[in-house]
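Residue numbers (the numbering used here), protein chains in the order written: chain A, 1 to 226; chain B, 1 to 226.
Built from N, CA and C at the ideal position, the CB exists for glycine as well.
Because the structure is a prediction, the values reported are computed rather than measured.
Number of protein chains: 2
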Amino acid sequence: MRQPVTESERTHGAAGARIAARLRDAILSGEYAPGARIRQEDLADLHGASRLPVRDALRMLEAEGLVTVRANAGAWVSTLTLADFEELYLLRERVEPLLLGFSAPLLSEEAIDRLDGLALAMEASSDVEEFLVLDREFHLSGYAAARTSVLGDFVTQLWNRTQHYRRAFTRVFRDEGDRSAHHDHHLIVGALRRRDAEEAERVLAIHIRRTRLELERHPEVFTIGG
Amino acid sequence: MRQPVTESERTHGAAGARIAARLRDAILSGEYAPGARIRQEDLADLHGASRLPVRDALRMLEAEGLVTVRANAGAWVSTLTLADFEELYLLRERVEPLLLGFSAPLLSEEAIDRLDGLALAMEASSDVEEFLVLDREFHLSGYAAARTSVLGDFVTQLWNRTQHYRRAFTRVFRDEGDRSAHHDHHLIVGALRRRDAEEAERVLAIHIRRTRLELERHPEVFTIGG
DNA sequence: TAGTCACTGATTGCATCCAAAATCAAGCCG
DNA sequence: CGGCTTGATTTTGGATGCAATCAGTGACTA
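Laid out in structure tokens, this is it:
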């Protein structure tokens with residue numbers, strides 16, 4: 001009856017974890033589109049391994065919601081309906097402020113400076129892909145100081161699941177010249193700097209909600225993979 | 001580029017899923033204690049299968065948080081620290097009311113009658129194990145009408161992860177003659193019957209928070225597995 | 001005597017092979 | 001001519017065997 005030491009260790013076989021990491025990046029970068037078929041043997045050949053660690057990798061990504069597996073049929077990159085997306089954003093709206101509450105008091109001044117820089121860089125950025133990277137970096141860095149065992153990973157998974165769809169509708173919203181997102185970001189940084197975690201959480205919740213509501217006016221975004 | 005039909009299908013190999021289901025039940029029923037070692041070959045022999053579907057099962061349960069796997073070392077039934085438990089209850093406090101909000105308007109009158117019956121049965125129950133079953137049934141039945149794709153499963157996982165520790169401290173709290181939990185249950189049923197979802201959500205949040213706060217006064221419960 | 005190192009046993013991880021299930025296309029029947 | 005059934009192909013699922021890694025024990029040295 002020996003205890004597993006700590007959560008943060010490599011929990012899986014090296015090969016399986018490597019393949020999972022690369023496939024995850026490929027999906028998040030848009031290399032694999034939602035709905036795309038994933039064949040085990042292709043991945044095995046690509047990584048010079050057998051199909052067994054590939055199966056492990058697929059199960060890991062399935063657990064993260066990035067991949068959908070059907071018995072005796074195969075694996076596909078997960079797709080979201082509009083309802084799914086709204087559900088995930090309702091979750092984000094409730095969970096991310098909680099995580100920020102854990103992180104806020106532990107953020108160093110330097111970390112807050114970096115968040116400020118990211119917010120400014122986002123405003124200056126004109127490239128959608130760059131904006132997506134900066135936005136993700138801004139939010140996840142804001143949570144990075146939190147010492148949680150499940151919350152942090154869960155939030156990252158929520159971001160990963162919605163990544164491709166964020167890409168799709170960011171192209172629409174940015175052209176509309178919506179400035180409120182940038183405004184929110186600066187409000188959050190300001191609250192964090194004043195060590196007013198409650199205010200930061202409040203603005204974050206509104207920030208996430210705003211995106212969801214805007215999306216409801218652009219349901220055509222969800223004609224992507226389905 | 002063919003779509004996976006629907007979420008609710010068997011997504012895994014039959015053998016792996018069967019083993020996972022039985023192991024899950026064994027863990028939830030307390031047959032395996034937190035911190036207990038799980039050997040692949042034992043499970044394989046027990047189910048008359050090879051170690052391969054067993055590994056699949058372990059990965060599934062790891063994804064659900066019930067099992068902790070370390071590379072080249074083995075699998076253990078997950079243990080929780082007091083901080084972990086509080087984190088999970090903070091999550092429940094935010095997520096379960098959201099799920100109840102999805103379910104409430106879709107609950108039939110018969111379903112609400114059943115909830116009422118469960119609440120009464122809990123009050124009458126003197127056996128801890130029976131109480132745990134009824135409590136779980138009460139809550140999860142209350143959410144059962146929700147047509148969600150991730151929220152419902154997530155909440156079930158939160159319940160499963162905390163199951164063993166609920167068992168441990170329920171023995172303590174019940175002896176103290178705390179009646180507020182029963183009071184909450186009836187308030188929730190009443191609100192549901194009046195189709196006042198907001199009130200039901202509010203009471204549910206308080207109900208979950210109360211348990212967390214009570215637990216903070218009994219940290220000795222967490223001397224269980226580690 | 002306490003700390004370190006090497007060795008042994010046990011357990012997991014991966015590769016190969018075979019079986020089972022689903023997909024897809026062609027042929028058949030209504 | 002369209003829908004259904006049937007068969008071949010493709011792809012996944014599982015069993016066995018071997019290699020790699022880790023835990024635990026004992027002896028050796030300072």
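Annotation for Arg70/A: the continuous beta strand (DSSP E) segment containing it runs Val67 to Arg70.
Counting C-beta atoms within 10 angstroms of its own C-beta, Leu158/B has 16 or more neighbours from the protein chains shown and is therefore classed as buried.
Here Leu134/A has Leu118, Ala121, Met122 and Ser125 as same chain residues with Cβ atoms under 8 Å from its own Cβ, once five neighbours each way along the sequence are excluded. Under a criterion of Cβ atoms nearer than 7 Å, the residues of chain B adjacent to Ser149/A are, in order, Asp84 and Glu87. The C-alpha of Ala111/A is placed about 53 Å away from the C-alpha of Glu109/B. Per DSSP, Val189/B is one residue of the alpha helix (DSSP H) stretching across Ser180 to Arg193. When secondary structure is reduced to three states using DSSP, Gly30/A falls in the coil class, being assigned neither helix nor strand. In this structure the region 139 to 157 of chain B lies against the region 76 to 89 of chain A, because at least three pairs of beta carbons, one per stretch, are closer than 8 Å. With a cutoff of 8 Å on beta-carbon distance, Leu192/B and Ala181/B are scored as not near each other. The C-beta of Gly30/B comes no closer than 8 Å to any C-beta of chain A.
Under the Cβ distance rule, Asp153/A does not count among the residues neighbouring chain B, no pair being separated by less than 8 Å.
At the C-beta level, His218/A and Asp184/A stay beyond 8 Å of one another.
Closer than 8 Å to the CB of Arg166/B there is not a single CB belonging to chain A. Between Leu99/B and Gly152/B a beta carbon distance of about 6 Å is seen, short of the 8 Å cut, so the two are scored as contacting.
The beta carbon of Leu43/B lies closer than 6 Å to those of Val54 in the same chain, with the five residues before and after it left out.
A straight line joining the alpha-carbon of Leu80/A with that of Ala14/B spans about 25 Å. Restricting attention to Val128/B, Thr170/B, Ile19/B and Arg209/B, the CA atom closest to the CA of Arg59/B is found in Ile19/B.
CA-to-CA, the gap between Ala197/B and Leu187/B works out to about 12 Å. A Cβ-Cβ separation of about 5 Å places Val69/B in contact with Ala75/B under the 8 Å criterion. Per DSSP, Gly117/A is one residue of the alpha helix (DSSP H) stretching across Glu109 to Ala124. The Cβ of Arg59/A sits closer than 8 Å to at least one Cβ of chain B. Ranking Ala73/B, Asp25/B and Phe102/B by CA distance to the CA of Arg37/B puts Ala73/B first. Arg94/B carries a helical assignment under DSSP once its states are collapsed to helix, strand and coil.
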